[in-house]
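**Q** Here's a structure for you.
There are 4 protein chains.
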Amino acid sequence: MAAVRRYLSSIRTDLLAACLEFVGTILFLVLGMGGIQAAAFSTHMEAAVEEAAMPNYPQALNQFASVEQLLYISVSMGFALLASAWLFFRITGGVFNPQVSLALLLSGCISPIRFALFLIAQLGGSIVASYLLRVLTPGPLFVNVGLGPNVTKAQGVFVEAIATSALVFSVQMLAAEKHRSTAIAPIGIGLTLLATHMFAVVYTGAALNSARAFGPAVVSGFAGDHWVYWVGPTIGCLISTTLYSTLKQCVTSSPTNDSDIIAMQS
Amino acid sequence: MAAVRRYLSSIRTDLLAACLEFVGTILFLVLGMGGIQAAAFSTHMEAAVEEAAMPNYPQALNQFASVEQLLYISVSMGFALLASAWLFFRITGGVFNPQVSLALLLSGCISPIRFALFLIAQLGGSIVASYLLRVLTPGPLFVNVGLGPNVTKAQGVFVEAIATSALVFSVQMLAAEKHRSTAIAPIGIGLTLLATHMFAVVYTGAALNSARAFGPAVVSGFAGDHWVYWVGPTIGCLISTTLYSTLKQCVTSSPTNDSDIIAMQS
Amino acid sequence: MAAVRRYLSSIRTDLLAACLEFVGTILFLVLGMGGIQAAAFSTHMEAAVEEAAMPNYPQALNQFASVEQLLYISVSMGFALLASAWLFFRITGGVFNPQVSLALLLSGCISPIRFALFLIAQLGGSIVASYLLRVLTPGPLFVNVGLGPNVTKAQGVFVEAIATSALVFSVQMLAAEKHRSTAIAPIGIGLTLLATHMFAVVYTGAALNSARAFGPAVVSGFAGDHWVYWVGPTIGCLISTTLYSTLKQCVTSSPTNDSDIIAMQS
Amino acid sequence: MAAVRRYLSSIRTDLLAACLEFVGTILFLVLGMGGIQAAAFSTHMEAAVEEAAMPNYPQALNQFASVEQLLYISVSMGFALLASAWLFFRITGGVFNPQVSLALLLSGCISPIRFALFLIAQLGGSIVASYLLRVLTPGPLFVNVGLGPNVTKAQGVFVEAIATSALVFSVQMLAAEKHRSTAIAPIGIGLTLLATHMFAVVYTGAALNSARAFGPAVVSGFAGDHWVYWVGPTIGCLISTTLYSTLKQCVTSSPTNDSDIIAMQS
């Protein structure tokens, strides 16, 4: 009886956490993708669209953005994550990202049930955010991700993988590890997303997060390269998790090294 | 007798707080709206004005801004709030926003008298800031807010509502709740305003604050959509307050969940 | 004898502090004004110069800058102060600004001797930084400040005064007052300078600091409006000091209010 | 026997630290230089390239960048260092820079063996990051550094020296010194790199780090001015180390001054 009650209570907590994850993902993506949509909507847009020789993917702004628009997108996404992760950090951890959830599952921080609920919440949140943006702004939605001109699918996969590994590693090092600056981890995680966008956004749109790629595709159509945004970030998650586990093992396997490494904190 | 004295003392404190709120609102809006005015005054302005086919609302820069000007406006408003909230945070809380005051009233943090005094201080501060900008800068004032091209009033109301709910929620989660990073709450609140501007500024001008919309309208004229900036942010305040109350109830109603949720802080 | 020794020791400390102030001012202004010089040197510059109808003040970039250059200048100056104030904060306080020194003198934080030594160090540091920039970069120096087109001298004085009062107030509230976030005061002060630049740079060049205006003028020539950059910031210093003193008096005169105001820290 | 074991254990720790330095350098430079490559790849690029009359150094973007691209580069490099230094800070100190290592060697923080291993790791990491960027992005690599138009080699050396001295000094003051804000030193160091880039990037490309200059040159060719990026940053390291040592001596030589200086922390 007690075991059943405990199980139900744990399910209830998981459901509550997933609800918050759903709301947080909507907030993150309405603000972040809303910035992308805004960058596409400025008066300089029409010229840029005509200039662009990309009739196949009209809905992915990153494919014909100017350097000003790339900066605008990076700042929007970075500070949207910084803000929404900060607001939800003390409650659910502010994940908003299936690949980050996967890393937390692999390192035993969350259970498989919570991972599954979070995945549904994140994909659902991204779809809702995309619909909201389509309804709330005039004109078509421009927040899809797509490979930039002349970027091959293999390049796209590895650009997504490397950038995602940095993002996941920031969650592992700043939030999952407990230390004096854990309280400001959302700042570090958001600014890591900003830094990764500055690199990746022009080549792949910088999803770094399958939910962020999935929602807009549901609303404005899947492109042939959509799988890139599932394979790439997942590889990145595995790279980061491998690095993180190796690191923890090296540090804990030899107590001498441990103190030495801590002494290295210059 | 003692009750009267206590009442008078409390009124005196409320008046002092309202005076500071008045000064702080002037500082916030002179800097933030000053940045908007500056973006309109740069040498590229004339071309942009001629380019724009918006004779009806000549005073709202957001309606014909380039992506560079949108970034400039967002950074100005975000860092103006970050700075002025930080300076006044330890004294009055640095509200500067009727919808944030309303949220504090609804959750019992401030009394109805203080809310009323703050409202007067905020509206007055915004009017003074707008007059200062008109007197201190050459040419007409460009800091009104207005709906962007093809943005319907319903869209405007909900863009304002969603963006305001994020701002109000940031005050509730970062400043009203006490925890280790409360001292740096103004950073989180200012950067949340930055993130919301990146999304909303091109569509509605991103008031997120009826006082910020009201002051410039007093100085350079009310547009037909002015009510949007009272209804939208107030809806946003209600959304955020509902979410915040639900959250507090869920967490406190079940002690088991509470600790569990806190354990989720990854 | 002991008094003489104490006096000499205090002079020695003052001289050491002034030397550091000299080095810190050079660092701040080489980085900050170096960013202005860099913005003027980009390949788009020539067009902007020809476009500009301002033959009288060819050396003040702010007088014909595009909105991108205004952002570049603001970010340069803001983060240059953030960085250099952070580096010198624990040693001399990282003032680099005669008007901030004056505020510290008026509130009794520094002695008149130290104020005088700091003034010499700040003016000298600004001259050295300006010479360094002229020697280290090709072409003429573009880092003078000057009133923007159609900006009257009275407007210039009050724009400088208001912006300087915000900067000085940030030093008084964040660094002079001791509290939990004092250690990160340089972040708040630097970002306040960023916010004030976003407003003031296009109208006056945003000196907010007579030393910052004086050094480049020594190197590339004084304009007829140079006095604006002594009168304006000094008025700003007095505004901020008056506000700060009033505030301290209100809070300490009535202990009841004090606790009440602290309870308002939401 | 024990001595040998201790020696071997210390070598093992050094090797582990060097491996992490290698990984961290790759992360820093893939993100930071990736942002430069992205700025070169935007659709406005072709016009800029044709506009530029610089056939000799086609691979150094900083030599013909617009002010928007300069901002993009500065933000990319600054936040890439902020993020990667934050992630690796608690483990190896997050150096990623031979001149910073040299400063740590000179002040006795690291041993000569560790310096040598770090140098190999940093140069190797930069080469790997450059190859990764060439393989992962379409078109030629644009991340070399080079002297801007009309910038002499002597100017280049001293621009690099001054900017590097600021960066090295930030590591010495924020990370090597222990105090209340040491935990957030990576923020200060990253933002110092941002501030130095705003100044130096248009004149020299702002290497401030011989490894950052060396890697791309191995991949896309050495220019005749490559030595500038070894001599300049090393001079900067010596300037900063001299200043830092003098400062420590002044403060510790006279206990009276010490407390006085600490009392100056306003």
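The listed protein sequences derive, respectively, from chains A, B, C and D.
Per the numbering used here, residue 1 is the first one in the first sequence, and the count goes up by one each step.
Per the numbering used here, residue 267 is the first one in the second sequence, and the count goes up by one each step.
Per the numbering used here, residue 533 is the first one in the third sequence, and the count goes up by one each step.
Per the numbering used here, residue 799 is the first one in the fourth sequence, and the count goes up by one each step.
The C-beta atom is built at its ideal place from N, Cα and C for all residues, glycine as well.
Comparing alpha-carbon positions, which option in D/859, D/986, D/994, D/931 lies nearest residue 156 of chain A?
**A** Measuring from the Cα of residue 156 of chain A, the nearest candidate turns out to be D/931.
**Q** Quick one: is residue 686 of chain C buried, meaning 16 or more other Cβ sit within 10 Å of its Cβ, or exposed?
**A** It is exposed - the Cβ of residue 686 of chain C has fewer than 16 other Cβ atoms within 10 Å.
**Q** When you compare the stretch 895 to 912 of chain D with the stretch 101 to 119 of chain A, are there three or more beta-carbon pairs, one atom per stretch, that lie closer than 8 Å?
**A** Verdict: no, contact absent.
**Q** Ends of the alpha helix (DSSP H) at residue 458 of chain B?
**A** Counting along the chain, the alpha helix (DSSP H) containing residue 458 of chain B begins and ends at 451 to 470.
**Q** Spell out the partners DSSP gives residue 250 of chain B in its beta bridges.
**A** Chain B is shown only over 267 to 532; residue 250 of chain B falls outside these bounds and no answer can be derived.
**Q** With 9 Å set as the bound, which would you pick, yes or no: does the beta-carbon of residue 569 of chain C sit closer than that to a beta-carbon of chain D?
**A** Residue 569 of chain C counts as touching chain D.
**Q** With a threshold of 9 Å between beta-carbons, can residue 471 of chain B be considered close to chain C, or not?
**A** Not closer than 9 Å to any Cβ of chain C, the Cβ of residue 471 of chain B fails to qualify, so no.
**Q** Identify whether residue 957 of chain D lies in helix, strand or coil by the three-state DSSP scheme.
**A** In this structure, residue 957 of chain D counts as helix in the three-state DSSP scheme.
**Q** Any idea if residue 328 of chain B is buried or exposed, counting beta-carbon neighbours within 10 angstroms, 16 or more meaning buried?
**A** Its Cβ being crowded by 16 or more others within 10 Å, residue 328 of chain B is buried.
**Q** Going by DSSP, what residue range makes up the alpha helix (DSSP H) through residue 491 of chain B?
**A** It is not in any alpha helix (DSSP H) - residue 491 of chain B carries neither H nor E in the DSSP assignment.
**Q** Within 9 Å of any Cβ in chain A, is that where the Cβ of residue 499 of chain B sits?
**A** It does not; no Cβ of chain A falls within 9 Å.
**Q** Between residue 341 of chain B and the rest of its own chain, which residues show a CB-CB distance below 8 Å, the 5 nearest in sequence each way excluded?
**A** Excluding sequence neighbours, residue 341 of chain B sits near 301, 460.
**Q** State buried or exposed for residue 192 of chain A, treating a residue as buried only when at least 16 other CB atoms are found within 10 Å of its CB.
**A** Classification for residue 192 of chain A: buried.
**Q** What is the residue span of the alpha helix (DSSP H) that residue 25 of chain A lies within?
**A** Where residue 25 of chain A is concerned, the enclosing alpha helix (DSSP H) stretches over 2 to 41.
**Q** Using DSSP with H/G/I as helix, E/B as strand and the rest coil, what is residue 362 of chain B?
**A** Coil at residue 362 of chain B, not helix or strand.
**Q** For the putative contact between residue 701 of chain C and residue 775 of chain C, defined by C-beta atoms under 8 Å, what is the C-beta separation to the nearest angstrom?
**A** Right, the Cβ-Cβ distance comes to about 7 Å (below 8 Å), so this counts as a contact.
**Q** Name the residues in the stretch 463 to 489 of chain B whose C-beta lies less than 8 Å from a C-beta of chain A; which are they?
**A** Flagged, chain order: 464, 465, 466, 467, 468, 469.
**Q** Is it the case that the stretch 197 to 205 of chain A contacts the stretch 883 to 895 of chain D, given that we only count it when at least three CB pairs across the two stretches are under 8 Å?
**A** Too few Cβ pairs lie closer than 8 Å, so no.
**Q** Considering only the alpha carbon of each residue, which of A/33, A/85, A/213 lies closest to residue 454 of chain B?
**A** Selected option, being the one with the closest Cα: A/85.
**Q** Evaluate contact between the stretch 1012 to 1021 of chain D and the stretch 219 to 230 of chain A, counting only Cβ atoms and requiring at least three cross-stretch pairs below 8 Å.
**A** No, the stretch 1012 to 1021 of chain D does not touch the stretch 219 to 230 of chain A.
**Q** Are the C-beta of residue 687 of chain C and some C-beta of chain B separated by less than 9 Å?
**A** With 9 Å as the cut-off, residue 687 of chain C counts as an interface residue toward chain B.
**Q** Closer than 7 Å by C-beta to residue 347 of chain B: which residues in its own chain qualify, once you throw out the five before and the five after it? Chain order, please.
**A** Excluding residues within five positions, the ones whose Cβ falls inside 7 Å are 294, 298, 455, 456, 459.
**Q** Would you verify that the beta carbon of residue 416 of chain B is, or is not, closer than 9 Å to some beta carbon of chain A?
**A** Chain A contact via Cβ: present.
**Q** For a contact meaning CB atoms closer than 8 Å, what does residue 107 of chain A contact in chain D?
**A** Near residue 107 of chain A there are no residues of chain D at all, since even the closest Cβ is about 16 Å away, more than 8 Å.
**Q** Please state whether the Cβ-Cβ distance between residue 430 of chain B and residue 506 of chain B is less than 9 Å.
**A** The answer is yes: Cβ separation under 9 Å.
**Q** Judging by CA-CA distance, which residue of D/975, D/948, D/944, D/1047 is the nearest neighbour of residue 1027 of chain D?
**A** The shortest Cα separation from residue 1027 of chain D among D/975, D/948, D/944, D/1047 belongs to D/944.
**Q** Rounded to the nearest angstrom, what separates residue 161 of chain A and residue 204 of chain A at their Cα positions?
**A** About 11 Å.
**Q** Would a C-beta distance cut-off of 9 Å place residue 1004 of chain D and residue 942 of chain D closer than the cut-off?
**A** Not closer than 9 Å, so no.
**Q** Whose C-beta lies closer than 8 Å to the C-beta of residue 801 of chain D among residues of the same chain, with five residues either side of it excluded?
**A** Cβ within range, chain order: n/a, list empty.
**Q** Report the option in B/474, B/308, B/356 whose CA atom is closest to the CA atom of residue 600 of chain C.
**A** If we check each option's Cα against that of residue 600 of chain C, B/308 comes out closest.
**Q** Is any beta-carbon of chain B found at less than 9 Å from that of residue 553 of chain C?
**A** Chain B, which has no Cβ nearer than 9 Å to the Cβ of residue 553 of chain C, makes this no.
**Q** Looking only at its own chain, which residues have a Cβ that is under 7 Å from the Cβ of residue 623 of chain C, when we skip the five neighbours before and after it?
**A** Excluding residues within five positions, the ones whose Cβ falls inside 7 Å are 552.
**Q** Since residue 668 of chain C meets chain D, which of its residues come closer than 8 Å, beta carbon to beta carbon?
**A** The contacting residues are 953, 956, 957, 960, 1001.
**Q** In this structure, how does DSSP classify residue 66 of chain A when only helix, strand and coil are distinguished?
**A** In the structure shown, residue 66 of chain A sits in coil (DSSP, three-state: anything other than H, G, I, E or B).
**Q** Taking the beta carbon of residue 249 of chain A as the centre, do at least 16 other beta carbons fall within 10 Å, making it buried, or is it exposed?
**A** With fewer than 16 Cβ atoms within 10 Å of its Cβ, residue 249 of chain A is classed as exposed.
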